[in-house]
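Note sheet for the following structure.
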Amino acid sequence: MVQYYFIGFGLALALSSGTISVVSRFKGAGNHARADLAIKQSLWLAVLISLPLVAAAQLYSAPLVDLLTDDPAAIEQGAIYLRIVTYALLFRFWSMIAARALQGSGDTRTPMYVNLVTVPINIALNAALIFGLGPFPELGIAGAAWGTTIAETLGAVIFFSLLVAGSYDVSLRLGGTQWDTALARELVRVSAPLAGTRLVGTFGRFPFLFVLATLGTPVVAAFAIGRRVIMLAMMPAWGYSTASSTLVGQALGAGDESEATAYGWDTTSIALVTQLLIAAVMAVFARPIATVFTAETVGMTVEFIRMFALAVGGFSVARTVRGALRGAGDTSWPLYGKILGLAVRLAITALALPVGFAVSLGFVSIQPGLGMGVLAIYVAVVVDFYIQAAVNVAL
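Offset between the sequence shown (1-based) and our numbering: plus 140.
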């Protein structure tokens, strides 16, 4: 059921990324009124996108969860979680739009401060409502959903209050023009490929994890631990990507293309050096790090940590350059890179399957496996990230 929530989350991320692109360019051009209107336009688009998703979750929660499992108890609990947590979608949309609008104006601190408030509250409410701590009722899986929904609502209220107050470089003006078709079209133009990029990644994860599961639980566990560990090296890319979007967008808005180009490459260079240093430390100390998380699959976990460390360079360049392109309003090439990278990843991943293992694709059954096991997984992941980087840079 979490996968369905992340479909909505991916759409919210796409729309908010379109917002930072449009807002940063208007701010760079000194057109503050249009920047503010872009925020309102994004909010209305969020309403139009999120309400059908919420309605679908309320009407079809059980059938949707049934697609993921045939366990009756899991279907019942998953449907409860999905019905409740999707109420948070509209609030999540708005929070992400507001955060990206502030970032597009050059304010990256305020969204961080809001997260420092809401994330601990989310964790605390989840624990309190799942286990019935103190005065809170014990709601189990429903408690997890309500905790997330309440925290998301709180974050949305905080952002709404901040932007309506008009104390920042961008603001949400409740009166005046409510709809601007040209502006809505630009937001959709920028956001649609971003949504495609996100959805391609989401749906492409299913066949990849299917192959991983056929290799056994230890492989799945080692992969998950390795990925979680190396995220410490990958996470800065999101920050650099946002910075690149803002700097490039504002420079282009001001009509300075050479400065925009310099900002994009400088940010990418800084990101690459920073992340490679972190990844190198992770690779060197992979074994002691792995022993903290597992005692059963240490060797394989070490291999996955080092494999992900090799992929960090590609991930860093792909993500940061994507941010620069987003600031320029060009989001199509990252989508093409994602599609090509994923296609190659899945083709190589299929070679990990045992020889003779049949995979049904509609009415056709194929046997793509060569019995390469985890080696194919290693190659598939690394090649995927570097293909995405190459496509983005080639533009």
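C-beta: ideal position from N, C-alpha, C; glycine also. All of these numbers come straight from a predicted model, not from anything done at the bench.
Here's a check: name, in chain order, each residue in its chain whose Cβ is nearer than 8 Å to the Cβ of residue i, leaving out the five neighbours to either side.
i: S161; result: G244, V330, S385, G389, R466, G467, A468, G469 and T471
i: L312; result: D176, I179, K180, L183, A238, F300, L303 and V304
i: T342; result: Q143, F146, I147 and G150
i: T89; result: With the chain covering 141 to 535 only, the question about residue 89 has no answer from this structure.
i: R338; result: G150, L151, L153 and A154
i: R427; result: V438 and V442
Is the Cβ-Cβ distance between residue i and residue j less than 9 Å?
i: P358; j: T437; result: yes
i: A423; j: A449; result: yes
i: T250; j: L352; result: no
i: V461; j: R485; result: no
i: V413; j: N532; result: no
i: V205; j: I215; result: yes
i: D320; j: G246; result: no
i: Q415; j: G453; result: yes
i: S201; j: A186; result: no
i: G168; j: L323; result: no
i: A213; j: V163; result: no
i: L475; j: G336; result: yes
i: V369; j: I429; result: yes
i: A383; j: T248; result: yes
Do you know whose CA, among the options, lies nearest residue i's CA?
i: L294; options: W234, W319 and A268; result: W234
i: R459; options: W405, A530 and A377; result: A377
i: T408; options: A214, G218, A529 and R165; result: A529
i: I298; options: L256, G481 and G477; result: L256
i: T288; options: A402, A264, S307 and D309; result: A264
i: F363; options: M252, D406, F444 and G168; result: F444
i: I491; options: G511, A420 and L199; result: As written in the sequence, residue 491 is Leu, which differs from the Ile given in the question. Closest option to L491, Cα to Cα, is G511.
i: F550; options: D396, S398 and M371; result: For the chain, the structure presents residues 141 to 535; residue 550 sits outside this window and is missing.
Who are the near neighbours of residue i in its chain, counting only those whose CB is closer than 7 Å to its CB and skipping five residues on each side?
i: M236; result: A152, L153 and S156
i: E278; result: F271 and G272
i: Q507; result: G496, F497 and A498
i: T431; result: V438
i: L493; result: V351, T354, P508 and G509
i: I527; result: G477, L480, G481 and V484
i: T317; result: L177
If you draw a straight line from the C-alpha of residue i to the C-alpha of residue j, how long is it?
i: A291; j: P333; result: 29 Å
i: I410; j: G513; result: 36 Å
i: V523; j: G509; result: 18 Å
i: A228; j: S190; result: 10 Å
i: N262; j: A296; result: 13 Å
i: W473; j: I281; result: 40 Å
i: A464; j: T209; result: 40 Å
i: F425; j: G356; result: 26 Å
i: A173; j: G404; result: 26 Å
i: V328; j: A394; result: 23 Å
i: Y221; j: A284; result: 8 Å
i: R223; j: A420; result: 43 Å
i: A400; j: Y380; result: 15 Å
i: E326; j: I517; result: 39 Å
i: L199; j: P192; result: 10 Å
i: E397; j: M375; result: 28 Å
i: D211; j: P260; result: 32 Å
i: G158; j: F166; result: 13 Å
i: Y253; j: S307; result: 16 Å
Once you ignore the five residues that flank residue i on each side, which residues in its own chain have a CB closer than 6 Å to its CB?
i: F276; result: A268 and L269
i: L230; result: S190
i: I418; result: A373
i: N266; result: A284 and G287
i: M447; result: Y518
i: R232; result: A152 and E292
Are there any heavy atoms of the ligand ZN lying less than 8 Å away from the beta-carbon of residue i, as far as the coordinates show?
i: M512; result: The ligand ZN is not among the ligands present in this structure, which contains no ligands whatsoever.
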